[in-house]
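Using our numbering, the letters of the sequence shown map in sequence onto residues -3 to 181. Built from N, CA and C at the ideal position, the CB exists for glycine as well. Small disclaimer: the values here were computed from a predicted structure and weren't measured.
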Amino acid sequence: MKTGVLAVQGAFIEHRRIIEALGTECVEIRQEKDLSGIDGIILPGGESTVQGQLIRKTGMFDTIKNEILKGLPVLATCAGLILLSEKIEGQDERHLSTLPVTVKRNAYGRQLGSFMTRGSVGDIKDFPEVFIRAPYITAVSPEVDILSKMDDNTVGVKYKKQLGFAFHPEMTEDSRVHEMFLKLI
Ligand code: GLN
-3 MKTGVLAVQG AFIEHRRIIE ALGTECVEIR QEKDLSGIDG IILPGGESTV
47 QGQLIRKTGM FDTIKNEILK GLPVLATCAG LILLSEKIEG QDERHLSTLP
97 VTVKRNAYGR QLGSFMTRGS VGDIKDFPEV FIRAPYITAV SPEVDILSKM
147 DDNTVGVKYK KQLGFAFHPE MTEDSRVHEM FLKLI
């Protein structure tokens, strides 16, 4: 089993470390050819506008989008969730647009928006959730499963083989969310 992590910008190394610590191969994706032969893809946190530009500039946009639409499992965190979302509040620009949800960027405020809490992620209880200038999900299509909520806001979803989280499971020692993703593959 081979996982790819999008490595054009942001917190990709942390994801790679967790996937490798779980005993599976992880390759960094910087160009189209790196996508061949992967069984799942991770879209890390960072800055979604920059990542969106870079996946277009490097010519990977269409392949990533089509593979996800064909069922390539994806784990998207924070900026990665924004890349996947069909709608982004307050802006017309969208990116991969494969996940039928609406996100609000920097939903907890830009400067003071970083914090940690603990919550459930589907069947996983008491998971450490690190939020860094995070979005949250303001609307979901009926076929989307809600995996996590923080206060009244949705912060984790599953739709087909797409997992999207507003927080950073790679910034903790707890690998249960990555295990959930590997099970999907
Ligand atoms: N605020 C970033 C954005 O809008 C996401 C932050 C993150 O990935 N930690 O793209």
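Item	Value
Just the C-alpha distance for residue 184 and residue 72, rounded to the nearest angstrom, thanks.	There is simply no residue 184 to check, as the chain begins at -3 and stops at 181 in what is shown.
Rounded to the nearest angstrom, how far is the Cβ of residue 175 from that of residue 18, given a contact under 8 Å?	7 Å
Distance check for residue -2 and residue 22, CA to CA, integer angstroms please.	6 Å
Are at least three pairs of beta-carbons, each pair with one atom in the segment 102 to 111 and one in the segment 86 to 94, less than 8 Å apart?	no
Using a 10 Å radius around the Cβ and a threshold of 16 neighbouring Cβ atoms, would you call residue 166 buried or exposed?	buried
Give the list of continuous beta strand (DSSP E) stretches no shorter than 3 residues that lie fully inside the segment 98 to 130.	111 to 117 and 120 to 127
State the Cα-Cα distance for the pair residue 28 and residue 147, rounded to the nearest angstrom.	39 Å
Heavy atom of ligand 1 less than 6 Å from the Cβ of residue 75, yes or no?	yes
Going by C-alpha distance, which of 61, 102 and 76 is nearest residue 86?	102
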